[in-house]
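Those letters in the sequence shown? Residues 1 to 345, by the UniProt record's numbering.
Even glycine gets a Cβ: it sits at the ideal position worked out from N, Cα and C.
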Amino acid sequence: MTGGAGFIGTSVSRLIAERAERWVVVDNLHPQVHPEPVRPASLAGSAELVVADVARAATWDELLAHVRPDTVIHLAAETGTGQSLHQATRHAEVNVVGTTAMLDGFSRVGHVPAHFVFSGSRAVYGEGEWQRADGSTFRPGQRSHAQLVSGQWDFPGAVSLPSAAARTWPSPTSIYGATKLAQEQILAAWSGAHGSKLSVLRFQNVYGAGQSLSNPYTGIVSLFSQLARRGESIPVYEDGLITRDFVYIHDVAAAVAAVTVNPPEAPASCFDIGSGVATTILELARKLAEYHGAPAPHITGAFRDGDVRHASCDIDDSLAALDWRPEWSLDRGIADLQEWIEQTL
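Structure follows, in C-alpha cells:
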C-alpha cells in the first residue's frame with residue numbers, strides 16, 4: 001500500500017491488514033502530514049513500514065527485490081487543491097511520476113499485480129455537468145478569475161448535477177485534479193495491457209478522526225473545527241453556498257476494504273465514494289459553531305481560483321456493485337471528530 005501511513009491508509013490497515021499474508025506500506029512520512037517522522041500509532045501492528053519516496057526508481061528496485069504484491073492499494077498523493085496551483089511540479093512528481101515509477105519498477109522485475117485499487121478524487125470532475133431550466137445539460141468548465149472577482153458564483157440559469165462515473169465526463173479545473181485524472185489513465189493503460197484488474201474509487205471530501213490537525217491543506221472540516229473550538233467565528237468563502245459531499249473516514253476505509261477483499265468482476269471499474277448528500281459550506285460552519293457554542297460564521301466573499309462551486313456525487317452505482325454503504329451522517333461524523341480533537345490537542 002503506497003501512502004499507507006496517512007489518514008486513509010492507516011484506517012484501511014486497521015480493517016484488513018490482518019487478513020493479508022503480508023502487508024507492506026510505502027510512505028515518505030512527509031512533514032506536512034507527519035510533523036514527526038515516526039511510525040503512526042494508528043497504523044496496524046502487522047504492517048511493515050518502508051519509509052521511502054514513491055517517485056524514486058531505487059525505492060521500487062529495493063522493495064521489489066523481496067516483495068511481489070498481489071494487490072496494490074495506491075494512495076500516495078499530494079492532495080492540496082489550492083496548493084497545487086502554486087506547487088504544480090511537486091504535485092505532478094508525486095502523483096504522476098510516483099505512479100509511473102511504481103509501474104516501471106514492476107516492469108523491470110517482470111511482476112504484474114493481480115489488482116490495483118486506486119484512490120481517485122472527485123476533483124477529476126471539475127464543475128461536472130449543469131442543467132438548464134429546459135432540461136438540457138452542459139459542462140461549464142472553470143469559473144474565470146473575472147467571474148469570481150465580480151461575485152458571479154454560479155452559472156446563470158442552471159443548477160449543478162451530482163457527478164457519477166458512468167455519465168459525468170472528467171474535466172478537472174485544478175492541477176491537483178488533472179494529476180489525479182492522469183494517474184487513473186496511466187494505471188488504466190498499464191493494467192489493461194498487462195491483464196491486471198483496476199478499481200478506481202473517486203473519493204468526495206473525506207474527513208474524520210485521525211486527520212492531520214497541523215496540515216493547512218488537510219481539509220475544511222478539520223480547519224473549521226479548530227476555529228470553532230477556539231471560539232472564533234468561522235470565515236466562509238464566496239456567499240457560503242458552495243456545496244460539498246462530506247464523507248466520513250470510516251465509510252471511505254470500508255469502501256477500500258470492500259473492493260480489495262471482493263474485487264469487481266470487470267477488468268476496470270470506477271466508483272464514486274461519498275455520502276450521497278450535498279452540504280453547503282455555510283451549513284457545515286453553522287453546525288460546528290453550534291457544537292462549540294462559537295459565534296456565528298461570517299461570509300467573507302473571498303474565493304480561491306480553481307475551486308469548483310458544487311461537488312457532490314450519485315452513489316447508486318457504487319451501492320449496487322459493492323458490499324458497502326455509507327453509515328455515518330454528517331452530524332454523527334462531526335461529533336466523533338470533535339471528541340477525537342479534544343483527546344488529541
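Measure how close the beta-carbons of residue i and residue j come, nearest whole angstrom, since I'm counting them as under 8 Å.
i    : j    : result
F303 : V252 : With a Cβ gap of about 27 Å, F303 and V252 do not count as contacting.
A266 : W324 : About 16 Å separates the two Cβ atoms, so there is no contact after all.
S174 : L85  : 7 Å
T300 : V236 : 6 Å
V67  : V24  : 6 Å
G306 : Q183 : Not a contact, Cβ separation roughly 18 Å.
V50  : L29  : So it is not a contact: roughly 11 Å between Cβ atoms.
Provide the residue(s) that pair with residue i in DSSP beta bridges, ordered along the chain.
i    : result
P235 : H298
N205 : F246
S269 : S199
A311 : R244
T279 : R244
T2   : V26 and H74
Identify, in the order they occur along the chain, each residue of the same chain with its Cβ nearer than 8 Å to the Cβ of residue i, setting aside the five sequence neighbours on each side.
i    : result
T243 : S160, A278, T279, T280, I281, R309, H310, A311 and S312
R132 : F138, G157 and A158
A289 : A228, S233, I234, P295, A296 and P297
A255 : L201, F271, I273, S318, L322 and W324
A335 : Y291
H250 : S11, G208, E327 and W328
A88  : I175
I186 : V96, T99, T100 and L103
Note down the Cα distance separating residue i from residue j, rounded to an integer number of angstroms.
i    : j    : result
G3   : V97  : 14 Å
R39  : D27  : 10 Å
V221 : R229 : 12 Å
T71  : D245 : 29 Å
D104 : R56  : 11 Å
S107 : P113 : 11 Å
G80  : Y176 : 7 Å
F7   : D134 : 43 Å
K287 : G240 : 13 Å
I315 : L330 : 16 Å
H111 : P69  : 9 Å
D61  : S191 : 20 Å
T168 : A5   : 32 Å
R332 : A193 : 44 Å
V94  : A77  : 6 Å
V247 : G120 : 14 Å
A17  : P264 : 20 Å
N262 : F116 : 13 Å
P37  : S212 : 14 Å
A285 : F224 : 7 Å
Q152 : Q343 : 42 Å
A58  : A146 : 46 Å
G128 : V54  : 31 Å
E238 : S144 : 14 Å
A20  : S150 : 54 Å
V206 : V109 : 35 Å
L15  : R122 : 24 Å
S136 : G219 : 34 Å
A65  : L337 : 41 Å
Beta-carbon within less than 6 Å of residue i's beta-carbon, same chain only, minus the 5 sequence neighbours each way: which residues are those?
i    : result
S13  : L43, A44 and A47
P162 : S312, C313 and D314
A165 : C270 and D272
I73  : M1 and V117
W340 : A209
G231 : A294
G276 : I315
For residue i, which residues from the same chain have a beta carbon less than 7 Å from its beta carbon, with the 5 sequence-adjacent residues on both sides left out?
i    : result
P35  : S214
A188 : L198 and A268
F155 : W130 and P140
L75  : M1, T2, G3, G4, G6, I8, G9 and S119
L181 : V124, P170 and P172
S196 : V112, P113, A114, H115 and F116
H91  : E78, S84, I175, Y176 and T179
A52  : V26, N28 and T59
List in chain order: all unbroken beta strand (DSSP E) runs of 3+ residues lying wholly within the region 97–182.
List check, beta strand (DSSP E) in window: 115–121, 130–132 and 158–160.
Which whole runs of the beta strand (DSSP E) in the region 16–90 are 3 residues long or more, in chain order?
Within the region 16–90, the complete beta strand (DSSP E) segments at least 3 residues long are 24–27, 48–51 and 71–74, listed from N- to C-terminus.
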